[in-house]
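Worksheet: the structure to be examined is printed underneath.
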Amino acid sequence: MKIVIINYGAGNIQSIKFAIERLGYQAVLSNNIEEIKTADKVIFPGVGEASSAMKKLKESGLDKLVPTLKQPVLGICLGMQLMCNATEEGSTKGLGIFNVEVIRFSNTVKVPQIGWNQIRDFKSSLFNGIDEESYIYLVHSFYAPICDVTVSTTDYGINYSTALQKDNFYGTQFHPEKSSDVGEQILKNFINLK
Amino acid sequence: MLTKRIVPCLDIKNGRTVKGVNFVDLRDAGDPVELAAIYAKTGADELVFLDISATEERRKTLANLVRDVAAKVNIPFTVGGGISSVEDVDILLQNGADKVSVNSSAVKRPELINELSSKFGSQCITVAIDAKQIDGEWIVHLVGGKVPTELNLFDWAKEVETRGAGEILFTSMDNDGTKDGFANQALARLSESLNIPIIASGGAGNMQHFIDTFKEGKSDAALAASVFHFKEIGIPELKAKLKEEGIPVRV
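As given, the protein sequences belong to chains L and A, one line each in that order.
Read in my numbering, the first sequence has 160 at position 160, and its numbers run on one by one without any break.
Every position in the second sequence, counted from 1, becomes a number in my numbering once 194 is added.
The following block contains the structure:
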């Protein structure tokens, strides 16, 4: 099993590597196109501000690569948002994998949302063995509204997408690597995808 | 529903836990990694590591500790203490910290908050504020509450939010160490006047204090050290109690 975490200089990727190691697998950090192409599983992380992360992704040519990948790809947090059509943050155009526009929470709730919230309405094998209403850890100001690729939802003032899936592309708004046992099971499910 | 967070705080000196840890089941009471792992297992929602080292190697020692914690612990953690530059933060985040907290350095040079939030995103920048009341006015203090500034707590908190902080960790020096409860009036005022999460700190002595700070203080999270370290309050029992009171918690 070759797991590659795309390393394009955006945010904390060490935690994801450690989480995969805790599950008994190894993960390679890489921005090498060949190495990413030949991986069994690809993780596309991202923490920070959208436009600067997108800029880094373009500089390394990875913006062209990611949408063409055939193996299972998991975008986490900002990674998931960048896989959408666009995000309001920094008026950033995304990779267009998920046909949805990411927008900012309204000020009727505290922004960013920081902490543990619940996931439900599962429509993906990513959630095999996970109970509806399980708690996961989130920290974000922008969100993907409910759309036809929504595979889990969460309530924060409004009901929104906490996971997306289209074909071999998966995305979670929450951080599985920081979501205790529930998160580890979701990561394990991703790694075990056929 | 977004839950209220319970946050144990560990004081760290030269890579070791200092003061106030009394875990009989801990092989090495000074090992922050082991303590963190126990907290993660028993239901802590998040951890804060406050580094109080003053040695020249502090940066390296702290980076190593952060790496060890990130390798072992599957819940988020914040690192604070002596952070004063973009480079400091970069090292900690690269090693696996989820958030950093800045305090004195932000008071001395408020632009630091803008620099950090634009480079790393607001979501990982916590600003810690220590304050106490002087003649009825909440005044921000430095150096663990020893040195008063000219800043009013509420003005400073607003400025911190405007500059891009993702969260505020407010410690009332009037309450800290008293075990008499959190500064709920000030906390509620912060929570109502700002639109970022507020972590309450200082004064936890019993379970009722946590109920009060979530209900009356409108806090989003509550931080405590000794009540957890000395096992005066168990996190599973505390969460069960909070749930009974109708406060949303992760159980």
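Where a beta carbon is used, it is the ideal one built from N, C-alpha and C, also for glycine.
Each residue's CA atom was taken as its position, placing Ile191(L) and Asp121(L) some 22 Å apart. For Glu410(A), the closest C-alpha among the options Ile269(A), Ala434(A) and Ser385(A) is that of Ser385(A). Taking 8 Å as the upper bound on Cβ-Cβ separation, chain L lies near residues Asp414 and Ala415 of the stretch 396 to 428 of chain A.
For the stretch 117 to 148 of chain L, the set of residues with a beta-carbon nearer than 9 Å to any beta-carbon of chain A comprises Asn117, Gln118, Tyr135, Tyr137, Leu138, Val139, His140 and Ser141, in chain order. Here the stretch 69 to 78 of chain L does not lie against the stretch 27 to 35 of chain L, with fewer than 3 beta-carbon pairs under 8 Å apart. Your pair Val66(L) and Glu35(L) does not check out as a contact, with CB atoms roughly 14 Å apart and the cut at 8 Å. Taking a Cβ-Cβ cut-off of 8 Å, the neighbours of Met195(A) in chain L comprise Asn117, Gln118 and Asp155, given in sequence order. Counting only runs of 3+ residues, the beta strand (DSSP E) found wholly inside the stretch 368 to 405 of chain A occupies 392 to 395, in chain order. Of the candidates Phe174(L), Gly48(L), Leu57(L) and Lys2(L), Lys2(L) places its Cα closest to the Cα of Lys37(L). Within chain A, the residues placing a beta-carbon under 8 Å from that of Val111(L) are Asn389 and Ile390, ordered along the chain. Using a Cβ distance threshold of 7 Å, Pro226(A) and Ile246(A) do not count as a contacting pair. In this chain, the alpha helix (DSSP H) harbouring Ile33(L) covers Ile33 to Lys37. Proximity of Phe314(A) to chain L, defined by a Cβ-Cβ separation below 7 Å, is satisfied. A Cβ-Cβ distance of about 15 Å is found for the pair Asn289(A) and Lys178(L), leaving them out of contact under the 8 Å criterion.
Only residues of its own chain outside the window of five on either side were considered, and among them none has a CB closer than 8 Å to the CB of Lys110(L). Nearest to Phe348(A) by C-alpha distance, out of Glu281(A), Ile392(A) and Val280(A), is Ile392(A). In the three-state DSSP reduction, Ala144(L) falls in the strand class (E or B).
Considering only Val421(A), Thr320(A), Asp368(A) and Val263(A), the residue with the shortest C-alpha distance to Ala351(A) is Thr320(A).
With its beta carbon at least 7 Å from every one in chain L, Arg357(A) lies outside the interface. Near chain L, meaning a CB-to-CB distance below 7 Å, the residues of the stretch 266 to 289 of chain A are Asn268, Ile269, Pro270, Leu287, Gln288 and Asn289.
Put simply, the CB of Phe98(L) is far from chain A, with every gap to its CB atoms at 7 Å or more.
7 Å or more divides the Cβ of Pro112(L) from the Cβ of Ser91(L). For the pair Ile119(L) and Leu286(A), the Cα-to-Cα distance works out to about 30 Å. The bridge partners DSSP lists for Ser161(L) are Ala144(L) and Thr153(L).
For the 7 Å CB-CB criterion, Tyr170(L) and Leu126(L) form a contact. Identification of residues in the stretch 19 to 33 of chain L having a C-beta nearer than 8 Å to some C-beta of chain A yields Ala19, Glu21 and Arg22, given in sequence order.
For Lys188(L), there are no neighbours in chain A by C-beta distance under 7 Å, as the nearest C-beta there is about 12 Å away. CA-to-CA, the gap between Phe44(L) and Val263(A) works out to about 23 Å. When the beta-carbon positions are compared, Ala359(A) and Ile307(A) come within less than 7 Å of each other. Counting along the chain, Val100(L) sits inside the beta strand (DSSP E) bounded by residues Phe98 to Arg104.
Counting only residues of its own chain and dropping the five nearest sequence neighbours on each side, Met83(L) has a CB closer than 6 Å to the CB of Gly75, Leu95, Ile97, Phe98 and Gly171. If you draw a 10 Å sphere on the C-beta of Gln317(A), you find 16 or more other C-beta atoms in it, and that means buried.
For Cys77(L), the secondary structure class from DSSP, reduced to helix, strand or coil, is coil. Neighbours of Lys178(L) in chain A, taken as residues whose beta carbon is under 8 Å from its own, are Asn268, Ile269, Pro270 and Asp292 in chain order. For the pair Gly274(A) and Ala325(A), the CB atoms are not nearer than the 7 Å cut-off. Nearest to Val47(L) by alpha-carbon distance, out of Asp148(L), Asp63(L) and Phe174(L), is Phe174(L).
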